[in-house]
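A.B. asks:
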Amino acid sequence: MHSKLVLFLVYILAIAGTMALPLQRREYTGEGTFYTVGLGSCGQTNSDSENVAALSSSLMSDGKNCGRSLTVTSGSKSVTVKAVDTCPSCPEGNVDLSPSAFKKLADLDEGRISITWDWN
Numbered sequence: 255m256h257s258k259l260v261l262f263l264v265y266i267l268a269i270a271g272t273m274a275l276p277l278q279r280r281e282y283t284g285e286g287t288f289y290t291v292g293l294g295s296c297g298q299t300n301s302d303s304e305n306v307a308a309l310s311s312s313l314m315s316d317g318k319n320c321g322r323s324l325t326v327t328s329g330s331k332s333v334t335v336k337a338v339d340t341c342p343s344c345p346e347g348n349v350d351l352s353p354s355a356f357k358k359l360a361d362l363d364e365g366r367i368s369i370t371w372d373w374n
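Residue numbering for the sequence shown follows our numbering, beginning at 255 and increasing consecutively.
1. Classify L351: buried if its beta carbon has 16 or more other beta carbons within 10 angstroms, exposed otherwise.
2. If the criterion is Cβ atoms closer than 8 angstroms, does the pair D361 and G294 meet it?
3. Under a Cβ-count criterion, where at least 16 other Cβ atoms within 10 Å of its own Cβ denotes burial, should S375 be classed as buried or exposed?
4. Helix, strand or coil, according to DSSP, for S360 in the structure here?
5. Comparing alpha-carbon positions, which option in A308, F356, V291, K357 lies nearest G347?
6. Please state whether DSSP places S352 in a helix, a strand or coil.
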């Protein structure tokens with residue numbers, strides 16, 4: 255009887271393992287730009303000297319990503335920023351960075367750079 259119970263539990267665990275929920279999408283690809291930072295959609299005022307960012311409306315609409323940390327990479331350089339604002343014109347993979355954060359990836363003169371990014 256004990257061995258049948260153990261086999262049954264192993265069977266249930268094996269089935270449960272194949273029915274696991276998919277992981278949240280972790281890596282995004284898009285373009286990095288910069289903007290003049292101020293009062294963000296998360297309700298806080300930040301400055302251009304802080305490493306902060308604005309994300310697409312689809313990622314920021316319900317406020318659940320306010321204050322979340324993400325790492326943005328361009329080439330061999332990366333910067334960690336905090337999501338504090340919404341970029342209404344940005345597609346989901348794009349990140350609008352503070353000037354301070356953008357400068358850690360490229361010169362401001364470039365204006366627009368290819369990036370990847372992940373939630374931390």
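From the three backbone atoms N, C-alpha and C, an ideal C-beta is built for every residue, glycine too.
C.D. replies: On the basis of the data shown:
1. In the sequence shown, residue 351 corresponds to position 97, counting from 1. Flag for L351 reads buried.
2. Along the sequence shown, one-based indexing puts residue 361 at 107. Along the sequence shown, one-based indexing puts residue 294 at 40. Against a cut-off of 8 angstroms, the Cβ pair of G294 and D361 comes out as no contact.
3. Coverage of the chain is limited to positions 255 through 374, which leaves residue 375 absent and any answer about it impossible.
4. Residue 360 sits at position 106 when you count from the first residue of the sequence shown. In the sequence as displayed, the identity of residue 360 is Ala instead of Ser. A360: coil per DSSP, three-state reduction.
5. Within the sequence shown, the letter at position 93 stands for residue 347. Of A308, F356, V291, K357, the residue nearest in Cα terms is A308.
6. On the sequence shown, position 98 is the one that residue 352 refers to. Coil at S352, not helix or strand.
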